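Encoded as structure tokens, the structure appears first; notes follow it.
Numbering (the working numbering), first residue to last: 237 to 337.
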């Protein structure tokens with residue numbers, strides 16, 4: 237069923253986002269973000285999950301179902317907006333330290 241695979245994709249995106257966020261919490265707890273490789277990795281990961289959440293929000297918008305799915309759709313769009321902010325912050329941080337060794 238097409239709707240089932242769409243829901244599976246949204247679940248994958250949500251669960252993988254949570255795991256990724258937990259990994260970056262460890263990065264910040266141990267002050268590893270000062271590393272240039274970590275800054276570019278953070279930027280790339282943020283951009284990748286920005287695309288995942290944009291796609292998830294679009295996918296949930298195409299499923300015709302119950303009010304629970306409409307709530308899921310709304311949360312997908314809100315999460316995508318939050319990833320926008322995270323991408324901007326990562327890009328600014330990357331640009332600020334671009335010349336540092």
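Backbone N, C-alpha and C fix where the C-beta goes; we use that ideal spot for every residue, glycine too.
In this text the structure is predicted, and so the values were computed from the model without any measurement.
> If you run the structure through DSSP and keep just helix, strand and coil, what is residue 237?
Replying inline: coil
>> residue 295 and residue 245 - do their beta-carbons sit closer together than 8 Å?
In response: yes
>> Which residue marks the beginning of the alpha helix (DSSP H) containing residue 311, and which one marks its end?
In response: 303-332
> Between the region 284-294 and the region 260-274, do at least 3 Cβ pairs fall closer than 8 Å?
Replying inline: no
> Does DSSP put residue 267 in a helix, a strand or coil?
Replying inline: coil
> Is the distance from the Cβ of residue 257 to the Cβ of residue 289 below 8 Å?
Replying inline: no
> Just checking my contact of residue 326 with residue 279 at CB under 8 Å: how many whole Å lie between their CB atoms?
Replying inline: 4 Å
> Where residue 336 and residue 324 are concerned, what is the direct C-alpha to C-alpha distance, given to the nearest angstrom?
Replying inline: Note on residue 336: pLDDT 44, under 50, position unreliable in the model; the coordinate value appears next. Answer to the nearest angstrom: the Cα atoms are 19 Å apart.
> Does the distance from the CB of residue 286 to the CB of residue 320 come in under 8 Å?
Replying inline: yes
> Nearest-angstrom Cα distance between residue 251 and residue 275?
Replying inline: 23 Å
> In terms of residue numbering, what span does the alpha helix (DSSP H) encompassing residue 277 cover?
Replying inline: 272-297
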